[in-house]
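Novice: So that we are looking at the same thing, I have put the structure below in structure tokens.
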Amino acid sequence: MPDILRQGIEKFSIGSLGLINLKPAENFTSILGGSTPVMLTFSIQKQIQTQWCWAATAVSISLFYDNSSTWTQCSLAEAALNSECCQFPEPCNKPWYLHEALTITDNFIKYSDTLTFNEVEDELKNGKVIGCRIGWVGGGGHFVVLYGCKSVDGVNYFSIDDPTDGKIEVTEAAFLSAYQGSGKWTHTFITKP
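Residue numbers for the sequence shown follow this note's numbering, beginning at 514 and rising by one.
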């Protein structure tokens, strides 16, 4: 019998009878080849301009760490673009840099390429959501937040909150190379409270 199955089985004898006593496993999911899901309570704002995924993502991360944060998408755009974006949002409807937006909200630590599943799990276990940039095959990009992960039967899953499409669960493989069909996870933004 494989060792992993023995974790939930205890053998004992009464007289000459050999009986097996099943005891509850402490982490049944890991015995079956999965991991305990890590899911943070996170909710992203819908982006209020077509190019403001960066603003919606940064403001939502700021509110996740401090629900009394006063940042709004237009006030962040004003600070980032040095323009009157709350009064005149259309001229401010531009793509921008998530790491700079998170620096303004004081939630940025560093950015890197993609993370491994274990690195994602570690960040989430420490209560930190992860900003992610998606690069589209035809050009351009999009920002989303990774707020949960789990592994089931050897397949890793990520929980994503997207300022355009809302909450989505995708496999790690799809997030790395086929998010929403043609997107690829290209950059990671490590955040802080």
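The beta carbon of each residue, even a glycine, is placed where N, CA and C say it ideally should be.
Please read all numbers here as calculations on a predicted model, not as lab measurements.
Taking three-plus beta-carbon pairs below 8 angstroms as touching, is the stretch 607-614 in contact with the stretch 627-635?
Specialist: The answer is no - the stretch 627-635 does not touch the stretch 607-614, with fewer than three Cβ pairs under 8 angstroms.
Novice: Quick one: Cα of residue 659 to Cα of residue 689, how far?
Specialist: Locating residue 659 in the sequence shown gives position 146, counting from the first residue. Locating residue 689 in the sequence shown gives position 176, counting from the first residue. Between residue 659 and residue 689, the C-alpha separation is close to 12 angstroms.
Novice: Give the secondary structure of residue 563 by DSSP, where H, G and I count as helix, E and B as strand, and everything else as coil.
Specialist: On the sequence shown, position 50 is the one that residue 563 refers to. Three-state result, residue 563: coil.
Novice: Can you give, in chain order, each stretch of the alpha helix (DSSP H) that sits fully within the stretch 582-656 and has at least 4 residues?
Specialist: With a minimum length of 4 residues, the continuous alpha helix (DSSP H) runs that stay inside the stretch 582-656 are 586-594, 611-617 and 630-638.
Novice: Could you tell me the distance, in whole angstroms, from the CA atom of residue 639 to the CA atom of residue 567?
Specialist: As a working note, residue 639 is residue 126 in the sequence shown. As a working note, residue 567 is residue 54 in the sequence shown. C-alpha separation (whole angstroms): 23 angstroms.
Novice: Identify the continuous beta strand (DSSP E) that holds residue 548 and give its terminal residues.
Specialist: Looking up residue 548 in the sequence shown gives position 35. That run of the beta strand (DSSP E) goes 548-552.
Novice: Quick one: using the 10 Å Cβ neighbour count with 16 as the cut-off for buried, is residue 674 buried or exposed?
Specialist: Indexing the sequence shown from 1 puts residue 674 at position 161. Answer is buried; the Cβ neighbour count reaches 16.
Novice: What number of angstroms, rounded off, separates the C-alpha of residue 624 from the C-alpha of residue 703?
Specialist: Residue numbering aside, residue 624 sits at position 111 when the sequence shown is read from its first letter. Residue numbering aside, residue 703 sits at position 190 when the sequence shown is read from its first letter. Approximately 6 angstroms, taken between the alpha carbons.
Novice: Shortest alpha-carbon distance to residue 700 belongs to which of 654, 661 and 626?
Specialist: Reading the sequence shown from its first residue, position 187 is the one you call residue 700. Of 654, 661 and 626, the residue nearest in Cα terms is 626.
Novice: Apart from the five residues just before and just after residue 606, which ones in its own chain have a Cβ nearer than 8 angstroms to its Cβ?
Specialist: The residue given as residue 606 occupies position 93 in the sequence shown. Result list for residue 606: 562, 563, 564 and 565, in chain order.
Novice: Tell me the residue span of the alpha helix (DSSP H) that contains residue 672.
Specialist: In the sequence shown, residue 672 corresponds to position 159, counting from 1. From DSSP, residue 672 is part of no alpha helix (DSSP H) but of the beta strand (DSSP E) over 668-675.
Novice: Could you spell out where the alpha helix (DSSP H) holding residue 688 opens and where it closes?
Specialist: Taking the first residue of the sequence shown as position 1, residue 688 is located at position 175. Note, residue 688: alpha helix (DSSP H), 685-690.
Novice: List the endpoints of the continuous beta strand (DSSP E) containing residue 557.
Specialist: In the sequence shown, counting from the first residue as 1, residue 557 sits at position 44. Looking at the DSSP string, residue 557 is not in any beta strand (DSSP E), and its letter there is neither H nor E.
Novice: Quick one: grab the DSSP three-state call for residue 695.
Specialist: Walking along the sequence shown from the start, residue 695 turns up at place 182. Three-state DSSP puts residue 695 in coil, outside helix and strand.
Novice: Measuring straight from C-alpha to C-alpha, what distance separates residue 635 and residue 560?
Specialist: Taking the first residue of the sequence shown as 1, we reach residue 635 at position 122. Taking the first residue of the sequence shown as 1, we reach residue 560 at position 47. Whole-angstrom Cα-Cα distance: 28 angstroms.
Novice: Beta-carbon separation of residue 573 and residue 557 under 8 angstroms?
Specialist: Stepping through the sequence shown from its first residue, residue 573 is reached at position 60. Stepping through the sequence shown from its first residue, residue 557 is reached at position 44. The answer is yes: Cβ separation under 8 angstroms.
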